[in-house]
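If you're matching positions, the sequence shown starts at 1 in UniProt numbering and goes up one per residue. Step one of this worksheet: look at the structure below.
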Amino acid sequence: MSASSAFNDEKGGSSSVGEPEYGHDPASGGIFSSDYKRHDDLKEMLDSNKDSLKLEAMKRIVAMIARGKNASDLFPAVVKNVACKNIEVKKLVYVYLVRYAEEQQDLALLSISTFQRGLKDPNQLIRASALRVLSSIRVTIIVPIMMLAIKEAASDMSPYVRKTAAHAIPKLYSLDPEQKDQLIEVIEKLLADKTTLVAGSVVMAFEEVCPERIDLIHKNYRKLCNLLIDVEEWGQVVIINMLTRYARTQFLNPNINESLLEEGGGGEKTFYGSDEDEDEDEEEKEKKAEVAAMAKRKPYVMDPDHRLLLRNTKPLLQSRNAAVVMAVAQLYFHLAPKAEVALLILFEMISTLYTCGMFEPYLKSFYIRSTDPTQIKVLKLEVLTNLANETNISTILREFQTYIKSMDKDFVAATIQAIGRCATNIGEVRDTCLNGLVQLLSNRDELVVAESVVVIKKLLQMQPEKHSDIIKHMAKLTDNIQVPMARASILWLIGEYCEHVPKIAPDVLRKMAKSFTNEEDIVKLQIINLAAKLYLTNSKQTKLLTQYVLNLAKYDQNYDIRDRARFIRQLIVPTEKSGALSKYAKKLFLALKPAPVLESPFKDRDHFQLGSLSHLLNAKAGGYQELPDWPEAAPDPSVRNVEVKESVQGCLTFAFFFSEQSSEEEDRKIKRKSKQRKSDSESESDEDEESESESSQSESEDSESEIEVKKKKKTIAPSSVLKNYELLHRITGEGLSVEYCFSRQPFSPDANMVAVQMQFTNSATSDTKNLHMEDVKLQSGMRVKEFPEIELLSAGETAMAVMGIDFCDSTQAANFQLCTHTRKFFVSIQPPVGELMRPIFLTENEFKKEQGQLMGMNEITEKLTLDAKCRNEHAIVQRVTTAANLSRVPCGSDKECRFAGRTVTSSSLVLVTVATKEEGAAQLTVNCEKMVIGTMLVKDILLALTQ
């Protein structure tokens with residue numbers, strides 16, 4: 001049978017008599033029968049020379065796997081196509097192989113050489129898939145091959161392949177733990193990777209293979225903190241948990257001052273009280289010396305790296321992933337000062353804590369809203385109950401009184417239980433709570449009454465002699481309440497305290513005996529108990545009733561009730577056969593019972609790390625890692641320092657784009673700038689200062705600012721196409737106005753900073769003095785090089801200054817105060833994404849090669865219609881370069897415009913292609929290692945080309 005006929009039959013041939021009729025949909029089930037003929041057709045399609053048939057067969061096979069069908073018998077036919085040149089077929093083949101390579105290990109081993117060739121494929125997805133299949137073959141004989149493949153993939157240009165290498169590390173470690181040392185070397189290399197795509201995966205590999213090797217984290221700690229905001233969500237969870245344990249070993253307890261204060265306070269009392277004693281023990285003297293040492297100890301100052309971690313994780317509280325929010329919450333609870341933990345109003349976390357004094361000022365934040373789901377309502381109740389004390393209990397009880405009127409019955413029941421816990425914990429309001437619960441006994445809702453009865457029963461056990469009236473009132477409810485648990489609670493209460501209601505108790509037993517056969521099992525057991533207790537305390541009135549109840553119970557269908565009846569009869573009605581136990585019947589039944597303690601289900605879980613499975617189960621789960629204790633002395637913080645060497649070559653690269661002078665002149669200029677920078681930083685000699693002054697003057701001949709010449713500071717002249725932004729309006733600034741622009745020229749003190757040129761104009765009638773920056777507030781990882789102070793800006797004059805900002809490849813604003821000798825103004829500078837780049841030169845072939853490495857997730861394509869004024873090459877180039885600081889790449893086609901650049905901080909490659917079509921249609925393609933940067937850049941360029 002030919003492949004085409006097999007394909008036609010597969011698509012929907014006629015079925016024979018007696019066979020079920022299958023639909024034409026490949027996923028409808030017809031092609032997934034166990035009939036060997038159908039699988040033979042798929043095999044024949046896979047052996048075909050046509051890629052279309054192979055692709056169709058692979059789609060059906062993958063659909064079969066997705067439906068849970070077994071396709072393992074197709075493994076030989078599929079694995080032959082791993083060398084297919086069609087990229088789509090090859091991708092699906094690798095999807096299949098990842099699923100079945102572990103089951104069909106012998107057949108997979110025959111294709112090892114093919115997988116190894118796949119590791120060299122130009123497509124990053126194929127390289128990653130080949131490594132994934134290779135790591136799925138669980139055979140120790142290929143461990144050396146896997147190790148070599150992982151090492152090569154760890155050095156791959158594609159971050160996606162490096163991420164896959166990180167995923168393969170735990171697989172190889174579980175297969176052969178002896179490879180740990182080599183794997184640690186790979187992990188160390190991948191930990192130094194600056195790509196967010198790799199960070200989460202390599203930290204997971206670190207946790208699986210060598211969590212004890214804290215020294216691998218030292219050099220990468222700050223980088224991980226700064227990358228955290230851009231890592232994928234599940235990677236964020238892994239990194240946060242790892243950094244939590246790391247911080248517990250490297251930083252001091254931020255709440256150490258509070259513990260010292262408590263100990264010191266106790267010590268002072270001992271100290272003053274000891275004046276009366278003439279003879280003191282040596283131990284007391286030692287204690288006093290310790291207290292004195294604590295008093296003299298310097299106040300705690302948080303390590304900057306500790307603060308960096310807290311600052312960088314706080315924005316993740318806004319994450320849409322609940323696991324990320326929980327991870328940040330547990331990090332703050334275990335690492336942050338109490339004052340900052342109080343800012344994280346996280347219900348599930350706080351409800352587990354029994355030392356919640358830090359949250360008392362935020363009491364109203366936990367008030368329940370009608371729109372809250374029941375689960376959140378219950379958690380908020382838990383928090384309010386834990387926060388209740390003598391000062392706020394009246395407010396909380398008034399709030400609870402409102403909640404009882406809710407239509408949500410589960411919530412009402414939880415509220416009544418919360419009232420009971422408040423009454424147990426705070427004795428002053430016990431009577432008030434009891435009276436309130438008694439009033440609920442007249443509620444129309446049976447569930448409310450039942451829950452109230454159960455709680456009242458527990459509260460009455462604390463002081464039964466004071467509340468006999470309540471017991472009488474509850475006895476009357478036996479005619480109306482039908483909820484078994486509530487009826488059983490009332491009967492237990494009457495039986496336990498029958499001496500307080502001697503007249504009512506026998507009558508209740510009489511009524512219960514009438515309805516005994518119709519009661520629930522739990523109620524029957526309490527009727528038997530009530531009969532036994534009344535027989536022991538008031539046998540004259542209840543002897544016959546007790547015998548009647550025991551006879552009914554003797555023939556009950558439930559064996560528990562029959563056994564209880566036999567046991568009690570032998571115990572309370574002594575006979576010749578009765579043993580010595582009947583003498584102690586009163587002590588057994590009428591013994592004083594301790595009052596129950598109303599506790600939260602969340603109690604005693606604080607010894608487990610919050611958010612862990614062990615914390616949820618309240619039992620140590622397999623694989624749980626204990627959270628380390630705080631160190632007594634802070635370890636050396638210098639281990640986290642990373643040396644960053646300034647490269648003159650970077651300056652040369654920048655100069656290539658921004659100067660029209662010859663390379664020799666540029667070299668001399670770069671050397672002169674580096675010499676100037678060195679003399680500025682070291683302030684060496686007067687001769688250096690003179691040479692610096694001359695060089696700076698020669699560079700700023702065209703500048704309009706005389707102040708910069710006086711201050712010997714270099715300015716960066718803005719281009720005519722650059723956009724000016726207002727930093728401070730002259731009305732707000734009381735005559736002082738400030739504008740800024742991104743000069744797109746290298747900032748010589750630090751190549752990783754964006755140069756921002758500022759223009760100060762004094763429109764006031766008086767002089768402005770001491771213009772400078774203060775109180776710089778930055779997001780994680782950002783840095784600022786402040787502009788030099790302007791000592792005097794006369795009325796009506798203008799001055800220029802240049803500052804550098806490392807935005808860390810993000811569009812977060814840099815906030816600071818602009819200060820004069822009299823005023824301070826809060827201002828902020830927020831960059832467009834296009835200003836976070838610097839242009840680079842690429843040839844056409846280099847551009848295509850780099851673009852081929854940045855496909856898949858690193859490529860964003862959008863279709864657009866060009867503005868009427870933007871349909872020629874010159875206009876497109878002008879608008880794109882205005883929107884982003886990119887350079888033009890030579891292109892052989894007149895219908896394509898290509899641009900290239902790198903991000904300033906991380907040097908991530910950014911490639912932009914605008915392909916024009918007929919009638920103003922065009923296609924915009926952005927390839928970028930940082931997907932967030934690429935997404936924002938696409939929006940800005942689209943806006944520039946369409947408006």
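Here a beta-carbon is modelled for each residue, glycine too, at the ideal position from N, C-alpha and C.
Closest Cα partner of residue i within the set the options
i	options	result
P170	A486, T517, P211	P211
V79	G68, S158, D106, N529	D106
K586	S539, Q853, A764	S539
D479	L509, S111, A101	L509
V460	M474, L447, E56	Reading off the sequence, residue 460 comes out as Leu, not Val. Comparing Cα positions, the closest option is M474.
Q330	N70, I239, R823	I239
I376	R398, A414, T402	A414
C897	L909, A883, V877	V877
N724	Y497, V756, L447	V756
R888	R562, S442, V910, R871	V910
I205	Y497, I470, A165	Note that residue 205 corresponds to Ala in the displayed sequence, not to Ile. Comparing Cα-Cα distances from A205 to each of Y497, I470, A165, the minimum goes to A165.
H500	Q923, L854, W492, K472	K472
T811	M936, M857, K769	M936
C-alpha gap between residue i and residue j, whole angstroms
i	j	result
V301	Q250	14 angstroms
L886	T903	10 angstroms
Y548	L363	56 angstroms
P788	R127	51 angstroms
C225	T313	8 angstroms
L581	T391	51 angstroms
V133	V143	13 angstroms
A322	L316	10 angstroms
D809	K69	47 angstroms
I456	E207	51 angstroms
V139	F115	15 angstroms
E873	N927	21 angstroms
T913	N845	14 angstroms
Y754	T195	Checking the displayed sequence, the identity of residue 754 turns out to be Val instead of Tyr. Taking the straight line joining both Cα atoms gives about 21 angstroms.
D507	H334	59 angstroms
I184	T925	39 angstroms
T517	K503	24 angstroms
L437	S828	57 angstroms
I150	L125	15 angstroms
Q417	I561	30 angstroms
K593	K458	11 angstroms
A154	G118	15 angstroms
S908	E188	21 angstroms
D806	L854	25 angstroms
beta-carbon residue i near the ligand ATP non-hydrogen atom, thresh 6 angstroms
i	result
A423	Looking for the ligand ATP in the displayed structure turns up nothing, as the structure carries no ligands at all.
Exposed unless 16 or more other CB atoms sit within 10 angstroms - verdict on residue i
i	result
L842	buried
G495	buried
I933	buried
M157	exposed
V237	buried
I941	buried
P361	exposed
E632	exposed
R67	exposed
DSSP three-state assignment for residue i, whether helix, strand or coil
i	result
residue 952	Not covered by the structure: residue 952. The range shown for the chain is 1 to 947.
C433	helix
I897	With the sequence shown as reference, residue 897 is identified as Cys, and Ile is not the correct amino acid for it. Strand.
M837	strand
Residues bridged to residue i [DSSP beta-bridge criterion]
i	result
C819	H772, K824
S737	T761
G804	A755, K785
L911	A900, N927
L728	V738
A935	According to the sequence displayed, residue 935 carries Thr and not Ala. Partner(s): none; T935 has no beta bridge.
P76	Partner(s): none; P76 has no beta bridge.
is_contact[residue i, chain B] using C-beta, thresh 7 angstroms
i	result
M204	The structure shown contains no chain B, having only a single protein chain.
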